Amino acid sequence: MSNLTPTTIKVVSVALAISLAYWLKKRSKRIDDTEEYDALQPAEFNIGSRGTAATARPLTYLNSFFKCLQDPYDPHENREGYIALCIAENKIVTDLLAERLMQHGTATTAFSDSQVYGYGSFLGLPVAREAIAYFLTKRFLCPQDASITPEQALEHISPTHVAIGAGGAALINYLFYILGEKGDCCLIPAPYYAAFESDMRGIAGCVPYALEMANPNKGPTTSDLDLAFIAARSKGMRVKFILLTNPNNPLGVIYKPQVISDVITWARKRKLHTIMDEIYALSVHEKPYNSFQSVIRVISNKLGDDVHHIWALSKDFGASGFRVGTLYTQNENLLAALANLNIFSGVSHPMQMITAELLTDDIFVDNFLDAARERLRHSYTICVKKLEEMVLPYVHAEAGLYVYVNFSALLPTKDFSGEAELHELFTNYARVVLTPGESQRDNRPGHFRICYAWVAPEVLGVAMERLSRLVAKIRKMDWSDLNGASLESILQV
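Following my numbering, the numbering of the sequence shown begins with 194 at its first residue and continues without gaps.
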């Protein structure tokens, strides 16, 4: 700087001052623009509109369920805690499955093979797809053939037609995403599993339409289907799918083979895809246990491009946390698309290896399913005996983890506001959480699902006694007199 003249220094200083002023003006403008932009944004600016939509809870009764997690009943430590009978999980068989999976060899199988450490087909490892194809043949297609070998089984169901995904929900989502377009409509016999709506809406953008039936316990007739199809189209909906759960959730009934056959015939005439969710197929607890027939067997394994079969470990094996679902489809284009998309919902290779070992262990599976049925029947009996004491109508269940009960005679008003009030009494005073019928799109206020396998039989007995005491109070008293003081004794079980 000592070589610079005063004039040069002055010129440089002026230039710097101008540059600084210009920068400050631009920065101020950017701040103003940012503030103006921020003012236009919603409070959820940190996520997009799709993210904002995804924050909505898929099940309306989740807040009540969370109370059960935060303040759970314990026979020794918390006798006035909450009891959840609203989640269809089979927790009464966990010990049986855990004992089998904690065998030393199972861990060795899961981690000793080098293929589990690298990429593979996102439809699943070959050994896992073969195991599932064998399992589906033995348990769903040919359950009467106890001697069928793995080699024979794979002649019936090709492993190339099997895919593995992170639970049934993920695979159902992919079916809607790949086979349909945004806004396509799916007919679902009502009442139905509440989360189906988020399964199809969340990513695929498809919409449900409740299919009302003359007799829900027997399943949809062609007349029921015609009426729903016409009604949906009259509202501008593009009907592309029909989704059936068999055994049914929440009713616990098993559709007759002719009902399944008629639905598929009807759907094929209208070029609709049929999605068969058979996630409770092996949870038949009423003898004879062979009353259920899979769609794979009903239509002689001729799924074609339009019938798609879903199953998972979640219900029959009480392992929803494993996130292992299976898809059996003969639609090659669907599988090609899924092979690319399933990178987002693949099942870890060690878990696939464990699944393969589990599903091909015939002796264990036979013994496990026998024990599971006995335990389910025991809990179901505890539940329905108490319902009969309360003189409450219920749907006679043959399968599943729940019983569907008609509490409508107890409602303060014969509408869904009255159902909500009754649900609030169950939750706040009996501290028992059930699944309300409105969330399952039942058009008859006052129906609730009781999931009896989420708790031990002893805890179930406490929950049912609490409900019995509350029902007795409701019948004796005016609704305006039902409060904390008058209902205090309900928890003293």
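By construction, the Cβ of each residue, glycine as well, lies at the ideal position given by its N, Cα and C atoms.
Remember, it's a predicted structure, so these values are computed and weren't measured experimentally.
Looking at the DSSP output, Asn636 bridges to nothing.
When Gly445, Thr628, Ala425, Cys279 are compared, the shortest CA-CA separation from Val477 is found for Gly445. Taking a cut-off of 8 Å for Cβ pairs, the region 460-479 and the region 426-440 touch, as three or more such pairs fall below it.
Leaving aside the five residues that flank Thr253 on each side, the residues in its chain whose CB is nearer than 6 Å to its CB run, in chain order, Ser632.
Here Lys579 carries a helix assignment [DSSP, helix/strand/coil]. Excluding its 5 nearest sequence neighbours in each direction, Leu527 has C-beta neighbours in its own chain below 7 Å: Ile371, Leu372, listed in chain order. When C-alpha distances from Val596 are compared across Glu550, Asp608, Tyr573, Glu581, the shortest belongs to Tyr573. Fewer than three beta-carbon pairs drawn from the region 579-587 and the region 485-504 are found closer than 8 Å, and the two stretches are therefore not classed as touching.
Separation of the CB atoms of Leu318 and His502 is rounded to 20 Å, and the pair is thereby denied contact status at 8 Å.
By the Cβ neighbour-count rule, His297 is exposed, with fewer than 16 other Cβ atoms within 10 Å of its own. It is roughly 26 Å from the alpha-carbon of Thr548 to the alpha-carbon of Ser484. As DSSP reads the structure, Asp377 sits in a beta bridge with Arg431. Buried is the label assigned to Asn439, since at least 16 other Cβ atoms lie within 10 Å of its Cβ.
His542 carries a helical assignment under DSSP once its states are collapsed to helix, strand and coil. In the structure shown, Cys261 adopts helical secondary structure according to DSSP, grouped into three states.
Here DSSP, grouped into helix, strand and coil, assigns Arg293 to helix. The Cβ atoms of Thr330 and His349 lie closer than 8 Å to each other. By the Cβ rule, the region 282-294 counts as touching the region 560-575, because three or more pairs are nearer than 8 Å.
In the structure shown, Tyr312 adopts coil according to DSSP, grouped into three states. Shown here, Asp267 sits in a strand according to DSSP, grouped into three states. Scanning its chain for C-beta atoms nearer than 6 Å, with the 5 sequence neighbours on each side dropped, one finds around Glu614 the residues Pro605, in chain order.
Note that the C-beta distance between Glu658 and Pro638 is not below 8 Å. The criterion of a C-beta distance shorter than 8 Å is satisfied by Val686 and Val655. DSSP, read as helix, strand or coil, puts Gly518 in strand. In the displayed model, Phe333 falls within a helix according to three-state DSSP. Between Asp392 and Ile365, the beta carbon gap of about 5 Å places them in contact (Cβ cut-off 8 Å). In the three-state reduction of the DSSP assignment, Thr342 falls in the coil class. Taking all protein chains in view, the Cβ of Glu651 is surrounded by fewer than 16 other Cβ atoms within 10 Å, so the residue is classified as exposed. Under the three-state reduction of DSSP, Leu278 is assigned to coil, being neither helix nor strand.
Contact annotation: the region 441-455 touches the region 409-418, with at least three C-beta pairs closer than 8 Å. If you look at Val355, you'll find it in the beta strand (DSSP E) that goes 355-358. Every beta strand (DSSP E) of 3 residues or more that sits fully in the region 599-656 is shown, in chain order, as 640-644. For His466, the three-state secondary structure derived from DSSP is strand.
For Ile341, same chain residues with a beta-carbon under 7 Å away, outside a window of 5 residues either side, are Thr330, Lys331, Cys335 in chain order. The beta carbon of Asp267 is closer than 7 Å to those of Gly274 in its chain, skipping five residues each way along the sequence.
The alpha-carbon separation between Gly358 and Pro382 amounts to approximately 25 Å.
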